[in-house]
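Counting from 42, one number per residue, gives the positions in the sequence shown under the working numbering.
Beta carbons are placed, not taken as given, at the ideal position from N, Cα and C, and that holds for glycine.
Here is the structure we will look at, set down as structure tokens.
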Amino acid sequence: MPTHRVALIFGGQSTEHEISIISARAIANHIDTEAYELYPIYVGHDGSWFKGETAQKVLDLDMPAMLANASADTIRERLREISFSDPRNRFLFDFTGEGIDVALPIIHGSTGEDGKIQGLLDMFSVPYTGCGVHASAMTMDKETTKICAEHAGLHIAPYTTIRKLRYQQDPQQVVSVILEEFTLPFFVKPASQGSSIGITKVHRPEELAAALEKAFMVDTKVLIEKTIEGREIEVAVLGNDSPVASVPGEVEPGGDFYDFTDKYINGKASLHIPARLPEEVLQKVSTEALKAYRALECRGMSRVDFFIEHATGKIILNEINTVPGFTGISMYPMMMDASGIDFSQLIDRLLQLALEKTLS
């Protein structure tokens, strides 16, 4: 008989909404139903919360097929139809009344990884998986992550930041300054988006303005970052006070870089677990991942992403994802599986870590 009721919270208001649904479905399929009773909660694009049959219907959608074959508008309309089909299934934040013991928020991107949902759950005294408010907010902002990581002694890629207001006041001046400071090609990145949303690799000067416009559509702060010619390495980290690092994995992009389409639509990227590196380098990357995890005060779980620069061999921190993907092609669960912790065991460990946090 299940001993804990788990609120699986998915969807959300970010551009990674559909990926969250895929992650949640994978978790629902692998959770130990003898130990845990699943209570799905779906958060719509507009921020409305739904429980019961409504949430279950969204969870049951074949979202990978929809992403491959339907337009974004068609998918959103289908989700709206399901969401508002039965007003009795609105979730009214009565976590205690619904008997929820622990939450597993699997909302990627804004509102899910930036400390907002973590703060809400803290206010209702609901234990939850993953990082707390502080670490979530810091790691969501790529600039803040870089500042903290560099202070802790990790290598980072050279960068600068541009605010939207500054760009709007004099776009041409901003473009000129960037082109003077950075050698092509370089990256333009929204400061607080995941899954490579809004990112452009700029190869020619005439591409920069469009890249900035694209990034500012999803964020008010943008990073200009030097391109690191090297290998993309990821590490899964799990734990609270005594975290452990997985065997590192390697992403070999199918295109110019590992973007949203490469990750979730065309599937052309090649994934290698373990990464194709000498044993001593694998160990060094894992050590650096734990250093970054502690520097940003992460708890529960995070995926720590690096570059290994071809020219220097430097291990350069790219970013930290506090709510990594849990889809069938997501590196975090695959790296943990390669390290001896399968999907079901991983979910159980995350939930136990969440309950442990409330006692520590």
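For the candidate residues the options, whose alpha-carbon lies nearest to that of residue i?
i	options	result
V285	I265, H86, I382	I382
K11	S343, L120, P128	What is shown of the chain runs 42 to 401, which leaves residue 11 out entirely.
D127	P246, A96, G138, L108	A96
D389	H244, M342, V167, S55	M342
R207	L279, E254, P81, A111	E254
S61	T328, I158, G366, Y373	G366
V292	G271, S283, D282	G271
V322	K355, E191, P294, R344	K355
T224	Q210, C172, Y200	Y200
E191	L358, E397, T363, A250	L358
P43	A113, I141, L279	I141
H313	E273, E350, R204, L396	E273
M258	E247, R204, I219, S283	R204
I361	E350, K332, F384	K332
A395	G156, N110, G280	G280
E411	P315, E139, C172	With the chain running from 42 to 401 in the structure shown, residue 411 is simply not present.
K262	V218, Q209, E222	Q209
M107	K325, I82, I63	I63
I349	D378, A316, I370	A316
Please look up how many angstroms separate the CB atoms of residue i and residue j, rounded, as I've assumed it's under 8 angstroms.
i	j	result
T170	L391	4 angstroms
S177	V288	The pair is not a contact, with the Cβ atoms about 25 angstroms apart (cut-off 8 angstroms).
Q234	T368	Contact doesn't hold; Cβ gap of about 18 angstroms is too wide.
Y373	R344	5 angstroms
P168	K398	6 angstroms
E154	T363	5 angstroms
I'd like to check one pair, residue j with residue i: are the Cβ atoms closer than 7 angstroms?
i	j	result
M376	G290	yes
S124	G85	yes
V215	P226	no
D182	E275	no
R129	Y80	no
L100	A67	no
A277	P294	no
Could you have a look at residue i and say whether DSSP puts it in helix, strand or coil?
i	result
V346	According to the sequence displayed, residue 346 carries Asp and not Val. It is a strand residue.
H313	strand
I269	coil
F257	helix
P374	helix
E248	helix
A69	helix
L264	strand
P105	helix
R340	coil
H175	helix
T241	strand
E139	coil
I158	helix
A48	strand
- prompt: Any contact of the region 225-234 with the region 266-278, i.e. 3+ C-beta pairs under 8 angstroms?
  reply: yes
message: Any contact between the region 336-351 and the region 182-195? By contact I mean 3 or more CB pairs, one from each, below 8 angstroms.
response: yes
task: Inspect the CB distances between the region 85-96 and the region 132-139 and report whether three or more fall short of 8 angstroms.
output: yes
Touch test, the region 49-62 against the region 143-157, Cβ-Cβ under 8 angstroms, three pairs minimum: yes
message: Whether or not the region 234-250 and the region 148-157 are in contact is what I'm after, with contact meaning three or more pairs of Cβ atoms, one per stretch, closer than 8 angstroms; do they touch?
response: yes
- request: Kindly confirm or deny that the region 184-191 and the region 73-84 touch, where touching means at least three C-beta pairs closer than 8 angstroms.
  value: no
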